[in-house]
Amino acid sequence: MLRPLTTRGGDLACVYALWNIYADVDLRYADATDVVTMATGRTMVVEIVMNLVALILGRLNSKHSLMVAFTTSAFCFWKTIIYMVMYIRPPAGTPSYISQTATNWEIFWVFWVADGIWVIIPLAVMIDIWLRITSAPRVQTPKYSEVTLEDTTDENGFENFANGTNLSAKKPASIRLMS
């Protein structure tokens, strides 16, 4: 988002030193006009905002905090998978964005391991949140067979609808939690 200030030789290059080490191997990140990295950068801004929303919702004990965090992690996971897959057996004639001067060791550590972290961490978060969401207790509502007609006739045999409906659950206070 701040290119060319963040690339080598830019005013903010010292702050983005690790970014520039990565850009030495993945040349897309060294190119200030590459549309793919511009799009992923903007997507990252959306992810950051969504993570902040998830944190705020979590502090407010909102039931939506886990779903927002799960969604954000899924975005990060799939965005990184799609980015990495572009480098696996690209079609003939496609320019290589891996530096020709990078060693196999640099490609492994700087590209695959560094990008792999952005797959593994969101996946671990998604698994944890998924287990929390799916293991949450559910409220069991009374079944049809547990609902009875209440006798609404008064002492003279007339219908009395002053209490509202004549349907009631046998045990209204016994709502059970299913595990």
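For the sequence shown, counting from 1, position 136 maps to 136 in UniProt numbering; every step adds exactly one.
We treat Cβ as the ideally placed atom computed from N, Cα and C, and that holds for glycine.
Contact under 9 Å by Cβ, residue i with residue j
i	j	result
residue 45	residue 110	no
residue 79	residue 37	no
residue 54	residue 30	no
residue 12	residue 2	yes
residue 34	residue 84	no
residue 67	residue 133	yes
residue 57	residue 65	yes
Neighbourhood of residue i by C-beta, 6 Å cutoff - its chain only, sequence neighbours within 5 removed
i	result
residue 4	10 and 32
residue 16	6
residue 106	25
residue 23	29 and 30
Own chain partners of residue i with C-beta closer than 8 Å, once the 5 adjacent residues on each side are dropped
i	result
residue 74	122 and 126
residue 98	25, 26, 27, 87, 107 and 111
Length of the line joining the Cα atoms of residue i and residue j
i	j	result
residue 131	residue 92	42 Å
residue 119	residue 128	14 Å
residue 90	residue 96	8 Å
residue 8	residue 61	44 Å
residue 124	residue 14	31 Å
residue 63	residue 135	14 Å
residue 86	residue 94	10 Å
residue 82	residue 88	10 Å
residue 117	residue 19	15 Å
residue 113	residue 59	33 Å
Contacts around residue i, its chain only, beta-carbon distance under 7 Å, and the 5 residues preceding and following it disregarded
i	result
residue 72	47, 50, 51 and 54
residue 21	110
residue 76	47, 118 and 122
At 4 residues or longer, and completely inside the region 26-60: list those alpha helix (DSSP H) runs for me, N to C. If we require 4 residues or more, the alpha helix (DSSP H) runs fully inside the region 26-60 come out as 35-59.
Whether or not the region 91-107 and the region 39-55 are in contact is what I'm after, with contact meaning three or more pairs of Cβ atoms, one per stretch, closer than 8 Å; do they touch? They do not touch, by the three-pair rule.
Would you list, in sequence order, the uninterrupted beta strand (DSSP E) runs of no fewer than 3 residues that lie entirely inside the region 59-145? Counting whole runs of 3 or more residues, the region 59-145 contains the beta strand (DSSP E) stretches 138-140.
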